[in-house]
Amino acid sequence: MKRLHALAAAAMLASMGPAFAEVANDAQTLALSNRLDNTTFARDKIEIGNRLAYWTPVFETLLTIMPDGSIKPNLATEWSYNDDNTVLTLKLREGVKFTDGTPFDAEAVKANLEFLKNGTGQNVWMVKSIASYEIVSPSEIKVVLSEPDPALVRNLTLVAGAIASPASLGTEDGAKVPVGTGPYVYNVEQSVVGRQYVYTRNPDYWNSDAFPFEVMTIAPMTDLSARINALKAGQIDVAPVEAQSVAEGEASGMRVTRNPVNWQGVFFADREGKMNPAIADLRVRQALNMAFDTESILKYVEQGYGVVSDQIFPETSTAYVAELDDYYPYDPEKAKALLAEAGHADGLTLKLPEATAFAAYNPIIEQQLKDVGVAVEWVKVAPDALISDITAGKFGVFFFRLGNQSDWGDLLKLAFPSSAWNPLRPEDAKMAALLETAKRASAKDQPAAFQAINRYMVENAWYAPWYRPDAINLTSQEVIEQPIPGNVVTFPQFYRPAE
Numbered sequence: 000m001k002r003l004h005a006l007a008a009a010a011m012l013a014s015m016g017p018a019f020a021e022v023a024n025d026a027q028t029l030a031l032s033n034r035l036d037n038t039t040f041a042r043d044k045i046e047i048g049n050r051l052a053y054w055t056p057v058f059e060t061l062l063t064i065m066p067d068g069s070i071k072p073n074l075a076t077e078w079s080y081n082d083d084n085t086v087l088t089l090k091l092r093e094g095v096k097f098t099d100g101t102p103f104d105a106e107a108v109k110a111n112l113e114f115l116k117n118g119t120g121q122n123v124w125m126v127k128s129i130a131s132y133e134i135v136s137p138s139e140i141k142v143v144l145s146e147p148d149p150a151l152v153r154n155l156t157l158v159a160g161a162i163a164s165p166a167s168l169g170t171e172d173g174a175k176v177p178v179g180t181g182p183y184v185y186n187v188e189q190s191v192v193g194r195q196y197v198y199t200r201n202p203d204y205w206n207s208d209a210f211p212f213e214v215m216t217i218a219p220m221t222d223l224s225a226r227i228n229a230l231k232a233g234q235i236d237v238a239p240v241e242a243q244s245v246a247e248g249e250a251s252g253m254r255v256t257r258n259p260v261n262w263q264g265v266f267f268a269d270r271e272g273k274m275n276p277a278i279a280d281l282r283v284r285q286a287l288n289m290a291f292d293t294e295s296i297l298k299y300v301e302q303g304y305g306v307v308s309d310q311i312f313p314e315t316s317t318a319y320v321a322e323l324d325d326y327y328p329y330d331p332e333k334a335k336a337l338l339a340e341a342g343h344a345d346g347l348t349l350k351l352p353e354a355t356a357f358a359a360y361n362p363i364i365e366q367q368l369k370d371v372g373v374a375v376e377w378v379k380v381a382p383d384a385l386i387s388d389i390t391a392g393k394f395g396v397f398f399f400r401l402g403n404q405s406d407w408g409d410l411l412k413l414a415f416p417s418s419a420w421n422p423l424r425p426e427d428a429k430m431a432a433l434l435e436t437a438k439r440a441s442a443k444d445q446p447a448a449f450q451a452i453n454r455y456m457v458e459n460a461w462y463a464p465w466y467r468p469d470a471i472n473l474t475s476q477e478v479i480e481q482p483i484p485g486n487v488v489t490f491p492q493f494y495r496p497a498e
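Position one of the sequence shown corresponds to residue 0 (numbering that gives the first Met the number 0), numbered consecutively onward.
This is the structure:
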């Protein structure tokens, strides 16, 4: 595709209008597209999700996560905890410099962690547990925690571990032009904000062999058709798409990369029955799990791209328990029997948010619940108010799609009375004890502790999970992508030219 005739390529660029800029794709370039535009390079406000693509070429992380889910050294060459998991010692790579000439050292690590913790970005939670620092030497730092934080090491592969030049922190220039130690340098002259972001190789990078492309470009394209057309024209190498676009991509000779990074289903936030007493009854929650034909929904709505499961943790998680995948088989008759046993033989009504983001699923939810005697009362919610209304506790039951991160990171979002996605704050002494055990467990004992939490959630029907839908990328024949568990965007080092 990169050898597309120049006139055809020019015609395609013209047809794409303002979505694309001028740096052409070639064999030495990795050309990405993105569903979202970048908002900032400010160190405390960079994001995970789609916008992770914009900062990872420049800001290296202390640790790196591999396609198999393992964590490997990066700017930190070694890491270890003390016996009670409250002091994390990091040994740092020596001889590394930021592209502004500032040396990378323990002071730089401290400055970045402090800046994130004191900031207002959405990922401040990643370093919430950090209490203080002890600089042992320029190449060693101890991070002292207020309590054990099983998510911290994983978070150091993401925003928590991103390292910017200390001189750029909190500056207006730093928010516009990132300065890091990474494999690429942001090219201000060639980039056009909102159209195409251009990154050129850092000639002094310590691990350049891991990054085979001389240039990276990222074009934000909110329109799906624009992304597919650009990929067909050879102007980009990678396009995030929906399941319905896969057949078109395959017919055009594109590669398909699948990565289950989210789970979706029904949340039972009202497990104490504050808004609807019926939801406090385990039999009702179990019945609602059995009401959905998730295999058919995945097949017809997602074209089969995903994995049906009754647990929220993916196969790459240490919390995953294989036997929980089919804990609640589709069984509308048993669902009706459980509802009758719980005193709802004459029916039950659920109040759910009607959100345009999930318009494809709303009629399915309504019909399959109706089939077991449950009526739905829809409450219209503005698209930009859905998350705020849910996390404010306005709905005791709701449908949503939520991303997986680390085991402990997911639990911080979901399982505590203070968790954002546990909005009605139910108290659960058994869960509290399980969480405390997991928080203080050794690395050897943590998997069993996380699995106990997972089992408790499933057996007590905290949710009615449907499936983990695939995040899907189409790529050109010239590029091979290795996706990362829990990340909708792949890190630059996991793209390579096809042989």
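For every residue, glycine included, the Cβ atom is placed at its ideal position computed from N, Cα and C.
Computed from a predicted model, the values in this text were never measured in an experiment.
Ranked by how close their Cα comes to the Cα of E353, the residues V176, D388 and K71 have D388 in first place.
For S207, there is no enclosing beta strand (DSSP E), since its DSSP letter is neither H nor E.
DSSP places Q189 outside both helix and strand once states are collapsed to three, so it counts as coil. The C-beta of A107 has 16 or more other C-beta atoms within 10 Å across all chains shown, which makes the residue buried. In the DSSP assignment, the residues bridged to E353 are K379. As the crow flies, the alpha-carbon of N421 is around 22 angstroms from that of F291. The C-alpha of R467 lies about 6 angstroms from the C-alpha of N261.
Residue pairing for I45: DSSP places it in no beta bridge. For S295, the enclosing alpha helix (DSSP H) stretches over residues T293 to V300. For E59, the three-state secondary structure derived from DSSP is strand.
The alpha-carbon separation between F103 and W205 amounts to approximately 12 angstroms. Per DSSP, the unbroken beta strand (DSSP E) holding V478 starts and ends at V478 to E480.
When secondary structure is reduced to three states using DSSP, G372 falls in the coil class, being assigned neither helix nor strand. Exposure of T355 is indicated by the presence of fewer than 16 other C-beta atoms within 10 angstroms of its C-beta. Per the Cβ contact rule, the region 125-132 is in contact with the region 142-154 (3 or more Cβ pairs under 8 angstroms). Between A359 and Q302, the C-beta spacing is not below 8 angstroms. Taking a C-beta distance under 8 angstroms as the contact criterion, V371 and P331 qualify as a contact pair.
Fewer than three beta-carbon pairs drawn from the region 444-456 and the region 283-299 are found closer than 8 angstroms, and the two stretches are therefore not classed as touching.
Assignment of beta-bridge partners to G179 by DSSP yields A163. Under the three-state reduction of DSSP output, A238 falls in the strand class. When secondary structure is reduced to three states using DSSP, F394 falls in the coil class, being assigned neither helix nor strand. With distances taken between CA atoms, T170 lies nearest to T39 out of T28, T474 and T39. Residue range Q445 to E458 is occupied by the alpha helix (DSSP H) that includes I452.
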